[in-house]
Each structure stands twice: as C-alpha cells, then as structure tokens.
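J.: Keeping their order, the protein sequence lines are chains Y and L.
For the first sequence, position 94 (counting from the first letter as 1) is numbered 94 according to UniProt numbering, and the numbering increases by one without interruption.
For the second sequence, position 60 (counting from the first letter as 1) is numbered 60 according to UniProt numbering, and the numbering increases by one without interruption.
Glycine included, C-beta positions come from ideal geometry on N, C-alpha and C.
Number of protein chains: 2
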Amino acid sequence: MADVSVYTPAEVVEETGFSIDTIRYYEKIGLLVDIDRNAAGQRRFTPEDVGWLGLLKCLRDTGMPIAEMLRFAELVRAGEHTVADRVALLEEHDRRVKAQIAGLVERQRYIKSKISYYRSVR
Amino acid sequence: MADVSVYTPAEVVEETGFSIDTIRYYEKIGLLVDIDRNAAGQRRFTPEDVGWLGLLKCLRDTGMPIAEMLRFAELVRAGEHTVADRVALLEEHDRRVKAQIAGLVERQRYIKSKISYYRSVR
DNA sequence: GCTTGACCTGGAGTGCACTCCAGGTGGGAG
DNA sequence: CTCCCACCTGGAGTGCACTCCAGGTCAAGC
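Structural data, given as structure tokens:
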C-alpha cells in the first residue's frame, strides 16, 4: 500500500491540474524548491508541496505573472518575518482581481446589450 | 475646423485605447477592413470604424482570441443573414465570460482566506 | 521655405508561459 | 528475463498578440 503522504508526479498532475512539464518548469525557475527524490531520482511530493502548487494555481489563474509569484515564493522561503509583506502582496493582488471582476462584469453588460440589439434586428 | 466624423489615427488611439501598432496589425490580419485613406495615404477612420474597434476591445478584454474575433468580423462582413450566427457566437462568449467571473470570484475567496490566515499568524 | 512631427510600409523582434523532444534510466508485471 | 511505462535531463520550439524598427512621405505652422 502506497504512502498517502507522498505523491508521484502523475498524482500531482491529477491533483493540481498543472502539467508535468509546467511543474518541472516551475522547479527549474525556482517556484518550487527542495522537492524530494527517490533513489532513482524521481520526484516525490509532500502534501505541503501539493498545497503550495494549489496556491500557485490560484494565483496563476487569477492572472498573477510568474515574476510576482517568484517574489512571493521568495518571501515564503525567507521565513516568518516576511508575513506582513506576503499579506501586502496578496492584498495588492486581491485588489487587481477585484478590478478584473468589475471590468469583466462591465464588459459583459456591453456584450449582452449587443446580443439584445442583434436579437431586435433579426 | 476638423470634420468631427473623421478620426485620425491619433484620435482613434485616444478614443479606443488600442495602440497605433495594434490598429495597423488588426488591419493587416483583416479584423479591420476598408479603412479610408486621405490623399497622402494616411488612415482616416469613420465613427463606425471607431465603434467597431470599441466592440473588438470589449471582446479582446474579455479574453476572446483573435481567431474568433476574425470569425465574428467575417460574419459581420457577410451581411444581415448572419445575424443569428453572430448572436450564437456572442452568447457562447458571454457564457465563457460568466464562467470566467465565477472562477475569479471563487479564487478570490481563496486569496482572501489566505490573507486572513496570514493575518492570524502575524 | 523649412522644420517638425504624424503618418506610412514591410518585416524583424519581443515577452510570456509554457510545451515538446531526443536520448536515457530504473522498476515492476507477466 | 524482458518488456513497458513512468520518469529523468537539457535545451530547442511553440503560440499568441503584439511591438519595434529603418527608412521614407507629406502637410501644416512659424
């Protein structure tokens, strides 16, 4: 029976929705550090790694550029004394997400009005 | 006194928020057709052109790929009998925008919870 | 009349975020 | 024992949507 607290690459792909190539890429650029390896050199992920990838996925899918995720990753690695900075970074991002949603809602109104217009002339 | 129903490239940039390079690029790939020229070969846009660019901006800013804007542009050019197809295309896009907003709202919750967590351990 | 600057063209270059590939290793199922 | 398959590496390639550049034209304000 497999150790449920260790994930193979395939399991992480399944779990996070990232492709294996993306995960390797993230490790290469330093978004992911200190990933365990088995004797054969294959990656073995902890639940913490999977959780971290989940957060990265959330940030990526809300439009955070990699450069900023990297800054965040460095804050996390730097230790507890950076918690305030992390909060600041996330709050800034949260504001951008809010603006993004507002913009989308606004534009959706325009699209809907266009649809109504087309319906009226059909 | 300038004719208010004719826009220079600079005015269109001001009006639409697109860069002049993007506008030329859109003309090159066929998102923009039959743009008037003055004697010197410079572009002169009509209010209709500006309106069309405004719609393109909305579609672009809600994530529609150029290939699909191109399909839409072709429908518009093909004439009145494509109105139903245009509605279908816009409705499909509208559903994607809706999903996008929902995803963003959901992820924003996660970001906010992360912020709360950091605040609690600070 | 001259300068300035907005505009033109074709084509090359950029930035981002992956994605793919060749060539190779190691371990478990049959 | 052999096959297969998941995995490995470094590095090249991709797709999208612009963005920039060199070299040139024209029109209007001073």
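So, is the C-beta of T22(Y) closer than 7 angstroms to a C-beta in chain L?
T.: No, no contact with chain L.
J.: Go ahead and label Y7(L) buried or exposed: buried means 16 or more other beta carbons lie within 10 angstroms of its beta carbon, across all protein chains shown.
T.: Label assigned to Y7(L): buried.
J.: Would a check of beta-carbon distances place V83(L) closer than 7 angstroms to chain Y?
T.: Judged by the 7 angstroms Cβ criterion, V83(L) is in contact with chain Y.
J.: Classify F72(L) as helix, strand or coil using the three-state DSSP reduction.
T.: F72(L) falls in the helix class under three-state DSSP.
J.: How big is the Cα-Cα spacing for V87(Y) and E48(Y)?
T.: Taking the straight line from one Cα to the other gives about 20 angstroms.
J.: Would you tell me roughly how many angstroms separate the C-alpha atoms of N38(Y) and R44(Y), rounded to the nearest one?
T.: So the alpha carbons of these two residues sit roughly 7 angstroms apart.
J.: Just mark H93(L) as buried or exposed, buried being the case when its beta carbon has 16 or more other beta carbons within 10 Å.
T.: Counting Cβ neighbours within 10 Å, H93(L) comes out buried, since at least 16 surround it.
J.: When we look at the beta-carbon of Y26(L) and count the other beta-carbons within 10 Å, is it buried (16 or more) or exposed?
T.: Burial call: buried.
J.: Using a Cβ-Cβ cutoff of less than 8 angstroms, which residues in the same chain neighbour K57(Y) once the five nearest sequence positions on both sides are dropped?
T.: The answer, listed in chain order, is T16, G17 and F18.
J.: Is it the case that the Cβ atoms of I66(L) and L90(Y) are separated by a distance below 7 angstroms?
T.: Result no, Cβ atoms of I66(L) and L90(Y) do not sit closer than 7 angstroms.
J.: Say whether chain L places a C-beta atom closer than 7 angstroms to the C-beta of T46(Y).
T.: With 7 angstroms as the cut-off, T46(Y) does not count as an interface residue toward chain L.
J.: Under a three-way DSSP split, which group does R37(L) fall into?
T.: Here R37(L) sits in strand by DSSP.
J.: Could you tell me the alpha carbon to alpha carbon distance between R119(L) and W52(L), rounded to whole angstroms?
T.: Each residue's alpha carbon lies about 47 angstroms from the other.
J.: Given this structure, state the Cα-to-Cα distance separating F72(L) from A84(L), to the nearest angstrom.
T.: So the alpha carbons of these two residues sit roughly 12 angstroms apart.
J.: Say whether chain Y places a C-beta atom closer than 7 angstroms to the C-beta of T118(L).
T.: Correcting the residue type first, residue 118(L) is Tyr in the shown sequence and not Thr. For Y118(L), the answer is yes, since a Cβ of chain Y falls inside 7 angstroms of its Cβ.
J.: Short of 8 angstroms in beta carbon distance, which residues of its chain neighbour V97(L), apart from the five on each side in sequence? Order them along the chain.
T.: Counting only Cβ-Cβ distances below 8 angstroms, and skipping sequence neighbours, we find T62 and G63.
J.: Output, in chain order, the set of chain Y residues within a Cβ distance shorter than 9 angstroms of G79(L).
T.: Chain Y residues near G79(L): none, gap ~12 angstroms exceeds 9 angstroms.
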